[in-house]
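Accompanying notes for the structure given below.
There are 2 protein chains.
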Amino acid sequence: MVSIKDVAKLAKVSVATVSRVINGNVKVSEEKKSRILEVIEETGYVPNRAAQDMVLKKTKKIGIFLPNTFNQFQRQLFSEIAHNLEELGYYSSFFFVNTDSEGEKACLNKLKSERVDGVIVLQEIELIEFRDYLKKNEIPTVLVTFESGDWENASSIHIQDEVAAKVVVNYLIELGHKDIAMLGSRKHSFGVERERGYKKALKEANLQFNKELSINIEAYNVVAGSNAIKELLKKKIPFSAIFAHTDELAFGAIRELLDNGIRVPEDVSVVGIDDIEYSSYTSPSLTTIRQPLEEMGKLTVTILHNHISGKSLSYEKNLLPISLIKRESAVKLN
Amino acid sequence: MVSIKDVAKLAKVSVATVSRVINGNVKVSEEKKSRILEVIEETGYVPNRAAQDMVLKKTKKIGIFLPNTFNQFQRQLFSEIAHNLEELGYYSSFFFVNTDSEGEKACLNKLKSERVDGVIVLQEIELIEFRDYLKKNEIPTVLVTFESGDWENASSIHIQDEVAAKVVVNYLIELGHKDIAMLGSRKHSFGVERERGYKKALKEANLQFNKELSINIEAYNVVAGSNAIKELLKKKIPFSAIFAHTDELAFGAIRELLDNGIRVPEDVSVVGIDDIEYSSYTSPSLTTIRQPLEEMGKLTVTILHNHISGKSLSYEKNLLPISLIKRESAVKLN
DNA sequence: CTGAAAGCGCTTACAG
DNA sequence: CTGAAAGCGCTTACAG
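Quick look at the structure:
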């Protein structure tokens, strides 16, 4: 590995001078400068970031925390975020969080060992020490897809999950559906919110909430959606519509229904939330709530950048607009 | 940030001794040891990795290169790889490559500045300097999903793309199809291989290759698949089956066909390659070739680890087995 | 067993 | 404008 010393020696100058032309903030004589540039070109020298970080106390590195088993929506979101960070010249470091206190502790230690300039969290983290660490060290933090709640010193960006659920369930009700099953989980706050929206929509329409129609899923993927339907069908309770907490669950559900001779949307309507890439390309295409993915990713990075660069000092809570996307999977009850 | 000095001071020992208990390879008196451990516990001290890396000349960091616009299969693969790396205690650094020489150069510079211990490449990189750098600095490298070809000092892991294509196209031919369109691209070597397999299958069955039935796609996603079908339909040439280079293209294709009143599989059969998560949950479910995703991810990491730890000195080329997954999207020509 | 010291690759006051 | 020197947070021979 060629180091700054090598470059200095070859260009017959001091390392300080080399450093100056690399960083370009101090005047250096044209002659030495061009000689140094030449050597850099020849040797392909690139400064060692670890060394720079250590003296500068700045890393330009952002830690991104996401669940170990991230779903499609989170995948799209994090790749959006990664690209936006890259554009601003940040480096990103990924931390896959196991949702138990052991996993969270392990993540905290990795975080400490990395000295990031900022943190983006896509997954709720319970560990108090985690928040304390960020706070004590004044590491700007942005939470995406969930509320800041107990977090101090963190901005948050998310949709109103309760409203989203309410809107889409309302739509089912408008279509005449009364027996609406729900596939979801209360493990994360967005699930809690979505369930709340579901119940509110029912209540406002004077429909009884039926606990038996509420199926708890073990993960947010197609397999879990399919399993949930198996469980639901075993109960032999009538239902004409399904509200899945996420699009992926909905896809699994639709397939499982079909395998049981139940057609979507002819026999049962199905809706989701998220509007992932596939939702408009499946057959039937999925009626769902769109989360503004790109805007979310962009805003996350912008806000974090503002915090880091000192342009924004106060933490904010951003609610992003949603929209109901009507497609083929939900129709009037006949 | 608490440093090793702080710990040393609080424990009333030298930094050398603290370092020794952290690394645990040298005997330290029980008394000092417990005192140091206590201080570490109290202060929440974690060593600064950048500093460690610098002196140790080892980073335990792996650079993962993937295309800027990675498709679903690559997503699943890279998340598989990331998890496997994590289990072995490696850190991963992601590099999103823009497929032009500017983008590749930028990536090389980022790589140089990071000093990784190993590299995993999910995307063909043309830049000669890139390979030269890895070679000169003896950085173990594993290429996944494509052949090592011009790369020296790199192991590779992939399927036989030509065979995969041939197998699935053969299957269509067995089902009686003669006019088989192809959606793909020659931008990457796997595309070239898949096209070759397609042609070979046709040839062996004494079917004429029709250039007009070969549609060039601009990306590997559902939108591109849909666009390709639009282009194909404009030509008004009869076809009874479609071979898409990837599953995502196939999904886009199926949807676009449907929107034009063409049913799958009743009117047209469609097959893909990859077998991504969704392929068994769509309707119709997709007939495709399965790439052994998990095995690929695991093997990639194992091989890289062996190279890094010196357990494996020679570079190898690994061909992974594929399998034809027959599902609903392809049926007998009637 | 343990501390003082050198050194990893950088940057930046400090003096010229 | 420019070099010698100190220092960032570590590890590891080197001497005791």
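Chains as they are written, first to last, in the numbering used here: chain A, 1 to 334; chain B, 335 to 668.
The beta-carbon is built from N, C-alpha and C at its ideal position, and this holds for glycine as well.
Nothing here was measured: the structure is a model prediction, and the numbers come from that model.
Anticipated Cβ contact below 8 angstroms, residue i with residue j, distance rounded
i, j, result
"Leu400 of chain B", "Gln408 of chain B", "6 angstroms"
"Phe209 of chain A", "Gly225 of chain A", "Not a contact, Cβ separation roughly 21 angstroms."
"Gln72 of chain A", "Glu193 of chain A", "In fact, because the Cβ distance is near 20 angstroms, the residues do not count as touching under 8 angstroms."
"Ile273 of chain A", "Thr288 of chain A", "6 angstroms"
Option nearest residue i by Cα separation, candidates the options
i, options, result
"Arg263 of chain A", "B:Ile563, B:Pro618, B:Val380 and B:Val602", "B:Pro618"
"Lys211 of chain A", "A:Lys235, A:Glu204 and A:Asn227", "A:Lys235"
"Ile338 of chain B", "B:Glu365, B:Glu375 and B:Ser363", "B:Glu375"
"Leu319 of chain A", "A:Glu256, A:Leu143 and A:Glu204", "A:Leu143"
"His305 of chain A", "A:Leu88, A:Lys135, A:Met296 and A:Ala253", "A:Leu88"
"Ser426 of chain B", "B:Asn443, B:Phe480, B:Glu662 and B:Val455", "B:Val455"
"Met516 of chain B", "B:Val431, B:Leu658, B:Thr475 and B:Val605", "B:Val605"
"Ser368 of chain B", "B:Tyr379, B:Ala345, B:Leu566 and B:Asp608", "B:Ala345"
"Ile563 of chain B", "B:Glu590, B:Tyr554, B:Ala553 and B:Leu541", "B:Glu590"
"Ala488 of chain B", "B:Asp608, B:Thr475 and B:His522", "B:Thr475"
"Arg290 of chain A", "A:Ile159, A:Ala330, A:Leu207 and A:Val301", "A:Ile159"
"Lys444 of chain B", "A:Leu333, A:Ser240 and A:Tyr90", "A:Tyr90"
"Gly118 of chain A", "A:Ala330, A:Gly310 and A:Lys332", "A:Gly310"
"Lys317 of chain A", "A:Leu108, A:Asp179 and A:Glu152", "A:Glu152"
"Asn334 of chain A", "A:Pro321, A:Tyr315 and A:Phe239", "A:Phe239"
"Asp179 of chain A", "A:Asn206, A:Arg186 and A:Asp53", "A:Asn206"
Pairwise C-alpha distance: residue j and residue i
i, j, result
"Thr99 of chain A", "Val39 of chain A", "50 angstroms"
"Gln457 of chain B", "Gly191 of chain A", "37 angstroms"
"Phe681 of chain B", "Lys105 of chain A", "No answer is possible for residue 681 of chain B: the residues shown for chain B start at 335 and end at 668."
"Tyr133 of chain A", "Pro381 of chain B", "15 angstroms"
"Gly335 of chain A", "Ser482 of chain B", "Residue 335 of chain A lies beyond the range of chain A shown here (1 to 334); nothing can be said about it."
"Phe78 of chain A", "Leu293 of chain A", "10 angstroms"
"Ser613 of chain B", "Lys660 of chain B", "11 angstroms"
"Ile217 of chain A", "Leu390 of chain B", "46 angstroms"
"Arg449 of chain B", "Thr393 of chain B", "7 angstroms"
"Ile36 of chain A", "Val18 of chain A", "7 angstroms"
"Ile64 of chain A", "His307 of chain A", "16 angstroms"
"Lys366 of chain B", "Val355 of chain B", "9 angstroms"
"Lys112 of chain A", "Ile576 of chain B", "52 angstroms"
"Lys632 of chain B", "Gly44 of chain A", "34 angstroms"
"Glu364 of chain B", "Tyr615 of chain B", "59 angstroms"
"Asn594 of chain B", "Ala553 of chain B", "22 angstroms"
"Leu566 of chain B", "Leu547 of chain B", "7 angstroms"
"His522 of chain B", "Leu620 of chain B", "24 angstroms"
"Ile491 of chain B", "Thr479 of chain B", "6 angstroms"
"Ala385 of chain B", "Ala50 of chain A", "7 angstroms"
"Lys534 of chain B", "Gln76 of chain A", "37 angstroms"
"Ala244 of chain A", "Val169 of chain A", "10 angstroms"
"His417 of chain B", "Thr300 of chain A", "25 angstroms"
"Asp267 of chain A", "Val331 of chain A", "9 angstroms"
"Ala342 of chain B", "Ile81 of chain A", "40 angstroms"
Burial state of residue i, where buried means 16 or more other Cβ atoms lie within 10 Å
i, result
"Glu126 of chain A", "exposed"
"Glu174 of chain A", "exposed"
"Pro265 of chain A", "buried"
"Ile62 of chain A", "buried"
"Glu496 of chain B", "buried"
"Ala16 of chain A", "exposed"
"Ile237 of chain A", "exposed"
"Glu138 of chain A", "exposed"
"Val97 of chain A", "buried"
"Lys470 of chain B", "exposed"
"Ile462 of chain B", "exposed"
"Ser323 of chain A", "exposed"
"Lys500 of chain B", "buried"
"Glu204 of chain A", "exposed"
"Glu195 of chain A", "buried"
"Asp364 of chain A", "What the structure shows of chain A is the stretch from 1 to 334, and residue 364 of chain A is not part of that stretch, so it cannot be assessed."
"Asn221 of chain A", "buried"
"Gly518 of chain B", "buried"
Exercise for the section: With 9 angstroms as the C-beta to C-beta threshold (strictly closer), list the residues of the segment 276-306 of chain A near chain B in chain order. Expected result: Within the segment 276-306 of chain A, the residues whose Cβ lies closer than 9 angstroms to any Cβ of chain B are, in chain order, Glu277, Tyr278, Ser280, Tyr281, Thr282, Ser283, Pro284 and Ser285.
Handout entry: Where the segment 361-395 of chain B meets chain A: residues whose CB sits under 9 angstroms from a CB there
Key = Answer in chain order: Gly378, Tyr379, Val380, Pro381, Asn382, Arg383, Ala384, Ala385, Gln386, Asp387, Met388, Lys391 and Thr393.
Practice task
Pull out every residue of the segment 406-421 of chain B whose Cβ sits closer than 8 angstroms to any Cβ of chain A, in chain order.
Solution key: Listed by position along the chain: Arg409, Ser413, Ala416, His417 and Glu420.
Handout entry: Members of the segment 103-115 of chain A near chain B, C-beta cut-off 9 angstroms
Key = Of all residues in the segment 103-115 of chain A, only Leu108, Asn109, Lys110, Leu111, Lys112, Ser113, Glu114 and Arg115 come within less than 9 angstroms of chain B when Cβ atoms are compared, listed by chain position.
Handout entry: Positions along the segment 587-598 of chain B whose CB lies within less than 8 angstroms of some CB in chain A
Key = Here the close residues are Ile588, Arg589 and Leu592.
Handout entry: Residues in the segment 222-239 of chain A having any Cβ partner in chain B nearer than 9 angstroms
Key = Answer in chain order: Val222, Val223, Gly225 and Ser226.
Practice task
Determine which residues of the segment 118-138 of chain A have a Cβ less than 8 angstroms from any Cβ of chain B, and write them out in chain order.
Solution key: Correct list: Glu129, Tyr133 and Asn137.
Handout entry: Near-chain A residues of the segment 505-519 of chain B (beta-carbon distance less than 7 angstroms), N- to C-terminal order
Key = Those residues of the segment 505-519 of chain B that come within reach of chain A (Cβ to Cβ, closer than 7 angstroms) do not exist; the list is empty.
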